[in-house]
Each structure stands twice: as structure tokens, then as C-alpha cells.
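No gaps in the numbering here: position 19 of the sequence shown is 19 in our numbering, and each next residue is one more.
Backbone N, C-alpha and C fix where the C-beta goes; we use that ideal spot for every residue, glycine too.
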Amino acid sequence: MKMNILYGVQTTGNGHIGRSQDIVRELKERGHNVRVIFSGDQQKNLPDTEYFEPYNIFKGLTYVTENGKINYIKTAPRLDAISFVRDIYNYNAKDIDLVISDFEPVSVQVAKKNKIPSVVLSHQTAFLYDIPYPSLNVMTRAIIEYFVPADFLVSVHWHHFGFPILPPILPPTHIEEQPTSLNDQIVVYLPYENQKEVVNLLEKCPKDHEYHLFTRVDKRQQRENIILHPKSRKDFLNTISVSKGAVLHAGFMANSEAFDLGVKTLVKPIAGQAEQIANAMAIETLGMGKHMNDLNPREVQEWLKLPAIRPMKYPRIAPRFVDWIEMGIFNNKSLTNLCEELWSHIPIPHIFRH
């Protein structure tokens, strides 16, 4: 049966957008009618929005990040509760059969108001399980649960940790054929840091490596062993595919793409961002890389000595997730069956948590 689906996409970070694009495309190819809501802090930089049409853009709820930290003073005035409630009550949800949300709050609240079945798919909800996380207090748990109060929660992570958690959902990539991996090449992408400080860090790192920094420049530039690239997803994927390692924030999507290719990461979590701190913990627990709390050249030097990791080669998850959506049985048993099937194809580390 073809459905009318409202799909909510959180625009804070690239992971939600990339994952949603793949799933929305799959839903539309199967004949479902999909309407999209965007909300978050990167609305001006939405890529490939033609895949999401028709769509609405709302302010939603988000935070402001500066110099690698959450700026709570600037965040407070942007939490516009009046606009948030108005958008929920003004949205015409007539004929919507199902709401799917990638940690986007407006769509879930629309579902709640109109008594429409809802499913949240996100990385954040994985932290409600007993997995690596920095002391999940009552307030943090409440924020995750009440930010997107859906009927059923579906989580994604780099390991199932013994729970019904899906592997990362990565959009199809078209990486150009490259020569074999370069042992001296490192990709660097730290958009929430002061870029002058990032360049200063790289100037102090071992000179026998070539650092490819994706940053705010108009064209490619080279400064000795530091190469500056304009932001480009295609160029980033082509470069990381032949790199020894990647220095990133601890966001979910970029690290997932690195692990898929077998690229170890050194992550610098955004200070005050619990999800990124938890991701850094998981990366070290799984032996996929290391983390640093500051831009420290010694940390980079030690990380460079670590051995390579095994490519995860994640399978296409979106088609199987859409199969599960079409089946319409949203319970732990059906989700567990799906998770067990998908993880059976992935060479994950043997870590057991109960």
C-alpha cells in the first residue's frame, strides 16, 4: 500500500541530511508520497534539495557552536518556543499516514498533535541503551526522549552493543578510482574550530605527512605539506578514500564514512556536546581511533603511530529499513530481526555489553 509520509530532517550536522536523502529517495522510488520538514541551524546550506521536494523549512530547536564549543549565551535567544509551537499547530497534516523523523522535533510534534503513527530514526536515541556514554543523567535522557517523543525509536551506531541498533545508514558514494592508499596522507575537517588554529596545529605536526584540510577557501591552495581544499563532499570522499587517517569532529556521519573505507580517525569532540563526547568514547572502545580534547600536536603524533583499521564495508541499509517501514510492524521483535540480519554482514569488533 502506498503511503503519504511526512519526513522530518534535522539540519544541524550533515549526518541527518545524508541519511534522510537516501531513505527519502528509496521511499519515493517505491511510489510513496513524501513531504519533508527541515529544521535546524544549517538551512542556508542544504544540499540537493530537489530530492526532498516538496518541503517546508522551519526554525525548529537548535544550538550555536563557536570555536569548537556550544555557545549557550547565543543559543538561548534562538530557542523560539512561540515559533516552534505555531509551526506545529499551523502545519496541515491532512491525509498523512506516517511520520518518520531523523531527530527533527516539528514533524514528531505534528504527529503527536494529530495522532499519526510516528517513527524516529537517529543516532542520538542509541544513547538510551547501555552503551558508551558520559554519565547519562536524568536531564540528558529527558532531552532525548522529549525532543522527539515518537511512538517507536530506531537507533544507529558503529556497533550494536548487544541491543537492537542498526548499522550506519550511508548514502551511495561514487568514489573515483584512485591509486593505492597513500601512507603519508591525512584528511582534516574541523569546521567548528577556528580555522587559523587548525592550520597552526598542522604546522606543528610531523612533516613527513601531507595534510589535506577542507576549509573555507575558494580554491585549492598549498602551503608546504598542508593543502587547503574548498568544501566539497565529492572531493572529500575521493581524498579520504586514499588516506591513512582523518582528523574530524566526533560527528556520526563523517566518522562512519571513514570506518566504511577502513580509515582510522582522531576526533576532537565539540565541547559540551554530549553526543560527540559519547562518540569519542565509542571510537576508542571499538579500537577505531583516538580522541583529543584540544588541538594538540602531540596527540596527532601519537595517533599517527596507530595501525590501520579494517574496512567495515557497511551494506546498503536504506532499502532494508524501507522494507521494515512498509511491513508496518513497529516492535522490538521485528527491529531485532532486522538488526541481526544486517550486522551479520559486517566485521565488527567483538564487544559484548548487557
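Each residue's CA atom was taken as its position, placing Leu6 and Pro307 some 44 Å apart.
By the criterion of a C-beta distance shorter than 8 Å, Lys204 is surrounded in its chain by Pro297, once the five residues flanking it on both sides are discounted. Judged by DSSP in its simplified three-state form, Arg35 adopts strand. With contacts defined by Cβ atoms closer than 8 Å, Asn225 and Phe252 do not form a contacting pair. Counting C-beta atoms within 10 angstroms of its own C-beta, Pro132 has 16 or more neighbours from the protein chains shown and is therefore classed as buried. With a minimum length of 4 residues, the unbroken runs of alpha helix (DSSP H) contained wholly in the stretch 236-320 fall at 252-261, 274-285 and 297-304. Taken through DSSP and simplified to helix, strand or coil, Gly8 comes out as strand.
One alpha carbon belongs to Lys112, the other to Ala150, and they sit about 8 Å apart. Between Met292 and Pro315, the alpha-carbon positions lie close to 30 Å from each other. When beta bridges are read from the DSSP output, Val156 appears opposite Leu166.
DSSP, reduced to helix, strand and coil, places Leu98 within a strand of the structure shown. Partner residues in the beta bridge of Tyr211, as assigned by DSSP, are Ile186 and Ile226.
Pro167 and Leu342 do touch by the CB rule: their CB atoms are close to 5 Å apart, below 8 Å. When beta bridges are read from the DSSP output, Asn331 appears opposite no residue. Looking at the DSSP output, Ser122 bridges to Ser155. Per DSSP, the beta bridge partners of Gln221 are Leu228.
Under the three-state reduction of DSSP output, Phe52 falls in the helix class. Nearest C-alpha to Glu29 among His249, Trp158 and Lys2: Lys2. Ranking Lys231, Pro230 and Lys268 by CA distance to the CA of Ala246 puts Lys268 first. Taking a C-beta distance under 8 Å as the contact criterion, Gln10 and Phe152 do not qualify as a contact pair. A distance below 7 Å between beta-carbons, with the five flanking residues on each side excluded, links Ile317 to the following residues of its chain, in chain order: Leu166, Pro167, Ile169 and Leu342. Here DSSP, grouped into helix, strand and coil, assigns Ile23 to helix. Within the model, the alpha-carbon separation for Val217 versus Leu338 is close to 43 Å.
Taking 8 Å as the upper bound for CB-CB distance, Ser39 and Val106 are in contact here, some 5 Å apart. Beta-bridge annotation (DSSP): Ile57 is paired with Phe38. Looking only at Asn33, Ser101 and Ile88, the smallest Cα-Cα distance to Gly8 is reached by Ser101.
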